[in-house]
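Line by line, the protein sequences are chains A, B, C and D.
Going by our numbering, the first sequence opens with residue 728, and the numbers climb by one from there.
Going by our numbering, the second sequence opens with residue 728, and the numbers climb by one from there.
Going by our numbering, the third sequence opens with residue 728, and the numbers climb by one from there.
Going by our numbering, the fourth sequence opens with residue 728, and the numbers climb by one from there.
Encoded as structure tokens, the structure appears first; notes follow it.
4 protein chains.
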Amino acid sequence: MLYFKNDYQEGCAKEILESLTKTNLEPTVGYGFDQYSQAAEAKIKSLLDVDCDIHFLVGGTQTNLCAISVLRPYEAVISCNTGHINVHEAGAIELTGHKVITTNNINGKMDFIDLEKKITEHSDIHMVIPKMVYISNSTELGTIYTKKDLEQLRKICDKYKLYLYIDGARLAQALTAKSNDLTIKDIANYADMFYIGGTKNGALFGEALIIKNNELKPHFKNLMKQRGAILAKGRLLGIQFLTLFNNDLFYTLGKHANTMADELRNIFTKYKIKHFVNNDTNQIFPIINKELYSYIKDKVEFEIQEIKDEQLVVRFVTSFATTKEQVKDFAAILSNYYKY
Amino acid sequence: MLYFKNDYQEGCAKEILESLTKTNLEPTVGYGFDQYSQAAEAKIKSLLDVDCDIHFLVGGTQTNLCAISVLRPYEAVISCNTGHINVHEAGAIELTGHKVITTNNINGKMDFIDLEKKITEHSDIHMVIPKMVYISNSTELGTIYTKKDLEQLRKICDKYKLYLYIDGARLAQALTAKSNDLTIKDIANYADMFYIGGTKNGALFGEALIIKNNELKPHFKNLMKQRGAILAKGRLLGIQFLTLFNNDLFYTLGKHANTMADELRNIFTKYKIKHFVNNDTNQIFPIINKELYSYIKDKVEFEIQEIKDEQLVVRFVTSFATTKEQVKDFAAILSNYYKY
Amino acid sequence: MLYFKNDYQEGCAKEILESLTKTNLEPTVGYGFDQYSQAAEAKIKSLLDVDCDIHFLVGGTQTNLCAISVLRPYEAVISCNTGHINVHEAGAIELTGHKVITTNNINGKMDFIDLEKKITEHSDIHMVIPKMVYISNSTELGTIYTKKDLEQLRKICDKYKLYLYIDGARLAQALTAKSNDLTIKDIANYADMFYIGGTKNGALFGEALIIKNNELKPHFKNLMKQRGAILAKGRLLGIQFLTLFNNDLFYTLGKHANTMADELRNIFTKYKIKHFVNNDTNQIFPIINKELYSYIKDKVEFEIQEIKDEQLVVRFVTSFATTKEQVKDFAAILSNYYKY
Amino acid sequence: MLYFKNDYQEGCAKEILESLTKTNLEPTVGYGFDQYSQAAEAKIKSLLDVDCDIHFLVGGTQTNLCAISVLRPYEAVISCNTGHINVHEAGAIELTGHKVITTNNINGKMDFIDLEKKITEHSDIHMVIPKMVYISNSTELGTIYTKKDLEQLRKICDKYKLYLYIDGARLAQALTAKSNDLTIKDIANYADMFYIGGTKNGALFGEALIIKNNELKPHFKNLMKQRGAILAKGRLLGIQFLTLFNNDLFYTLGKHANTMADELRNIFTKYKIKHFVNNDTNQIFPIINKELYSYIKDKVEFEIQEIKDEQLVVRFVTSFATTKEQVKDFAAILSNYYKY
């Protein structure tokens, strides 16, 4: 069986496992106040070159729900309708008391015209107050934002006094995509708050939340603790992020996933299989017919995104651990299918 | 520097690191539906011999806040005033909407007479409805409950239709204490819900929540997800618990911590230093004077529990990783102090 | 100045004021346990002819947020996008922790095809669980549901095990509309829970929540108290509802508002002014041009619903207190305008 | 049957009923933006002589839960253990996510030494952050704070940067007590936020919340709406408070209740019946034996506060509506009892 189900199906990059093994029996203080966490914070700060607070958390939903909890209860976050916080977090944001206002999406990216419409529609005390914009980069459909996009979005946020929060669960893949024109400094520059994803880029687990806007900084550790989001052995997060940003491992892993996806994408294209959305990161969405689906479904693990009449939009994901052999094996499967 | 600060100051037992390393690159499905998590569940169920659901979570506060979220909003949990949920979870339980009603404690154990008083005081619609009793075993003061205690508590819970929830962050240490007369089957028998702690007993992280009462089982995974409490790479939890319950590693590690604590306890006793509370698990609470405190504080890491006039109640904790050498080194420090 | 701004712009029906005055100095017990509240409950139960619990609350948003709080945290309520709980309650439902899933609307009524699509899309533990359908009758656009509609909706709710909750803020107007084919018994028959609105139908304030489904009944008074929703002088609610259901005052007042709206509607139609939506209750939505708007805006109070290029959809509302003179005065204003 | 059960057992003062009747059919805008609410705000501001925002709410628990919702989620409110928010609001404060930290009480008043102890005990990120002190004046035991008390409390609040919030459900009775040395201006001067109670002082319902501290003012109407705490016909609150502060009706009613309580208190004292607590407001707490209790319980409505062996602490409450005849009738009952 081949696995292209997601980018968290394996454990972690070997460098990370080595770091964890090497430090395993050193005693440290807990809760992220250890020397490794501090060094990882310092390292990331030096890369971002902005005044910020950094907190390490275990997973994406946890990070999003903590981040969005900085809002006042009557304030809402705006996400495009395909956004992770709107669909796939089991109501985590609403549980914190905040409404998720949705906009249309264009290939998984926020429709800025609709955004401005939604902001201005909320105008009296009987409605929530839009206060934060949430986007993910790369998006849930594997597309990425450009520098021009973020400039435009920042202007809208400034105009209406909204915070911009970027979910970087797959930031490595976004920043190493061929068509990307953003740097991590740009992200830090445009966003009020964002997170750098580890879980989907070769860490065992872990996300680094960067808080730049001073209004959002106070007492964030208390806020995390109250949501069960401070890891006792916080060092595990520090060690992993320190390793990820050593020798650019973070980018190397992201780039690798993208490269493997490129090869996979080409295999589909070779057989004239169309893609539901054009992108150049590690998620691909081929549109296949039911016959092909039946042929491959017992040979490969992947997800069905959507069923459209006789066609299926499916999702293949590559990871830091995807090998050239696995891609070749998949090519062989397709080749066999088309032989007949 | 010696470290007796807590039982999560090191990484994990070597057996666990080996298991994680060995399985690192195997692809599995996420969110705890993998074969390792399933095997760990099956293993624990076989030990408990009750019909139950098992969920693996990352940390203690997270587990407690998810577990207590099974209550209806107007229902309250009762904890003794020293209980972890009352003091050290930054209001996590209240954030879920539930009042924590407190009882007196007797050496860290719940005062059952006060418990019954508190239950019966809540009698009209202007008050919360007591619905769950929370205890920890071993307690925050290192003491343990006896079989007779749990029998009595179960009777009270049955009388007033309350759920009994046992926080087992340090269950291994409780069950391997010299004076213990409970088995893990007994725990499963008396409790409606309890958790088996990994973080404080040699896992990198992880707690196994056991839900026995059928009323509390439905949709618990949704409840976890909504609180950011489902680990993407759920296998990491499954692998760790499978290893912990292989060859009784769980008990071996707990017993080791207790044994190291016994030795440490004797060292204090040897110098006529009294203990704030008598117990036989891995937390000890010597009462030391300020001079001794000044002498050792730069040589050993530990916590101050309470300052009483000229005396300090301090806390020393041993772990799965505490070595005989460390204990000896500490003995030498004390010996040096008393030489003069 | 004429007022057609809303149906809560005046105080209360004279019969209600008389009842309040007459009973003013009688001492009663508080919180809705008085003889008037009990009599009002008994009266309403006799009209509904179903086994139910009845609770009196002060206002609509309060009633909705209490009613929807019966859900488990991970359960969601489905409303059409124009629903009051989605738009005009300042995030009250989300504050209770519940996501509001939205469907399309057809003239303010729920699109049942879209409803079924939204239900079935929610299928895994990463998503909320749809558990309640919320509709309002009459709707926010003044339209009403038919018996056939409710039959169909009930079937969908039964199929997917959803509760049906009907917001009856303007139930009197719905049940007395010309095209209506439902009785209050039908409402009680189809719904698991619904409320009978007083505030918008001649009471000073007050809504009567009817809970029919046994699963939703337990401890509802506690749930209300916890949300600040139990009025100390609960008698005020009991007295008002007792008066409303004495001699069918409830229906008389609703019918009166509808009749005044009919007259107002005809005045607009006479001048070929189109209506944004066809309905026969007490809210009318003429589409007027900017010139007419400028002419009347200082003579009449009303709301702007939506601006469409050169046209404005405005909202005129009649109430229990609207007089024939007021309608005539408005006719004169329009007549003057069209004279030129 | 005589009624001394509480101070909200009757409707309202005749002046208030007259005002409501007189204005009943005037159309006004909703939600507290009407001319009566504005006039009431202006009137109260002129009496307080501080820069403040004023919001009218329906009841006490609703007011408390809205007021305390200004806190950040990880911030806690401190109340003495007898405080209304701790005991009698069904967990309303916890439902908003905030822990209620309790201090000892001295005759229902906060023990300031214990307060400072509780504040300083909360010192790390694993604990909630104390941020607001809640007191009620008069207290739940009918006692009142002095100017010296509030000076001292203000100093503690300033020292630790805490907000002081005063629950004035029975403020009229406190300010008109014989031993009182505070004015309403003093209350406004010492508190960051407080409310002036109407429900327990002759209004049908209603509390006026005064927000002085600028940090607590923004978007409070949104916060209220989200909690279902904005009355549609907000005028009802404005009219009542305008009437209460016209010709000092507020004080006249409070004074009347106190005077009636004085007479009642003397009747008990005459028969050597001791009081559980000494106070001079409208709640009295005689300690009676079971025989007396049995004699009067079918002749008078009152509450049992506490049962102590053979004695009962009972509570008698007088109101704006209590008459001299009622007091005399009660005197006759006691006289009859002691005759035998």
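Where is the CB? At the ideal position from N, CA and C, for every residue including glycine.
Item                                                                                                                                                                                                  : Value
Counting beta carbon pairs with one atom in the segment 787 to 795 of chain B and one in the segment 838 to 846 of chain B, are three or more of them shorter than 8 Å?                               : no
Please name the residues in the segment 862 to 882 of chain D whose beta-carbon is closer than 7 Å to at least one beta-carbon of chain B, in chain order.                                            : none
Under a Cβ-count criterion, where at least 16 other Cβ atoms within 10 Å of its own Cβ denotes burial, should residue 905(D) be classed as buried or exposed?                                         : exposed
Only counting runs of 3 or more residues, tell me where the beta strand (DSSP E) segments fall wholly within the segment 779 to 826 of chain D, in order along the chain.                             : 780 to 784, 802 to 807
Keeping to the same chain, check which residues put their C-beta closer than 7 Å to that of residue 864(A); ignore five residues upstream and five downstream.                                        : 871, 872, 893, 895, 898, 901
Can you name the residues of chain A whose CB is closer than 8 Å to the CB of residue 800(C)?                                                                                                         : 818, 822
Helix, strand or coil for residue 1039(C)? Go by DSSP, reduced to three states.                                                                                                                       : strand
Does the segment 728 to 744 of chain C come within contact of the segment 1040 to 1059 of chain C, defined as at least 3 CB pairs closer than 8 Å?                                                    : yes
Determine, using beta carbons only, whether residue 1002(C) comes closer than 8 Å to chain B.                                                                                                         : no
Out of curiosity, what's the CA-to-CA distance linking residue 767(B) and residue 737(B)?                                                                                                             : 23 Å
Does the separation of the CB atoms of residue 764(D) and residue 965(D) fall below 8 Å?                                                                                                              : yes
Relative to the alpha-carbon of residue 777(D), which residue among 954(D), 913(D), 963(D) has its alpha-carbon at the smallest distance?                                                             : 913(D)
Answer yes or no: does any C-beta atom of chain D fall closer than 8 Å to that of residue 859(B)?                                                                                                     : no
Could you check if residue 794(A) belongs to the surroundings of the ligand GTP, using beta carbon to heavy atom distance under 7 Å?                                                                  : Although the ligand GTP was asked about, the structure shown includes no ligands whatsoever.
Is the beta carbon of residue 803(A) closer than 8 Å to that of residue 886(A)?                                                                                                                       : no
Are residue 751(C) and residue 744(D) closer than 8 Å when you measure CB to CB?                                                                                                                      : yes
Are there three or more Cβ pairs, one per stretch, closer than 8 Å when the segment 1028 to 1042 of chain C is compared with the segment 1004 to 1012 of chain C?                                     : yes
By DSSP, does residue 1044(A) sit in helix, in strand, or in coil?                                                                                                                                    : strand
Give the residues from the segment 931 to 947 of chain C that approach chain B closer than 7 Å (Cβ to any Cβ), ordered along the chain.                                                               : 946
Identify the continuous beta strand (DSSP E) that holds residue 856(D) and give its terminal residues.                                                                                                : 856 to 863
Would you list, in sequence order, the uninterrupted alpha helix (DSSP H) runs of no fewer than 4 residues that lie entirely inside the segment 936 to 1004 of chain C?                               : 947 to 953, 962 to 971, 976 to 997
Under 8 Å, Cβ to Cβ, is there at least one residue of chain A near residue 960(D)?                                                                                                                    : no
Using C-beta distances below 6 Å, list every residue in its chain close to residue 937(A), excluding the 5 sequence neighbours before and after it, in chain order.                                   : 779, 781, 921
Run down chain B in chain order and give the residues with a C-beta less than 9 Å from the C-beta of residue 950(C).                                                                                  : 799, 800, 801
Quick check on DSSP: helix, strand or coil for residue 921(A)?                                                                                                                                        : strand
When burial is assigned at 16 or more other CB atoms within 10 Å of the CB, is residue 821(A) buried or exposed?                                                                                      : buried
For residue 730(B), would you say it is in contact with chain A, using Cβ-to-Cβ distances shorter than 8 Å as the test?                                                                               : yes
Please report whether the beta-carbon of residue 828(A) lies at a distance below 8 Å from any beta-carbon of chain D.                                                                                 : no
Pull up the distance between the alpha-carbon of residue 879(B) and that of residue 1008(B), whole angstroms please.                                                                                  : 23 Å
Is the distance from the Cβ of residue 1028(D) to the Cβ of residue 837(D) below 8 Å?                                                                                                                 : no
Taking 8 Å as the CB-CB limit, is residue 981(C) close to chain D?                                                                                                                                    : no
Please go through the same chain and pick out, in chain order, the residues whose beta-carbon is closer than 8 Å to the beta-carbon of residue 849(A), but skip the five residues on each side of it. : 803, 828, 855, 856, 857
Here's the rule: buried if 16 or more other CB atoms are within 10 angstroms of the residue's CB, otherwise exposed. What is residue 941(C)?                                                          : exposed
Is residue 1044(D) close to chain B? Criterion is C-beta to C-beta, closer than 8 Å.                                                                                                                  : no
Hey, how far is the Cα of residue 955(B) from the Cα of residue 787(A)?                                                                                                                               : 8 Å
Taking Cβ-Cβ distances shorter than 8 Å, what residues in chain G pair up with residue 956(A)?                                                                                                        : Here the protein chains are A, B, C and D, and chain G is not one of them.
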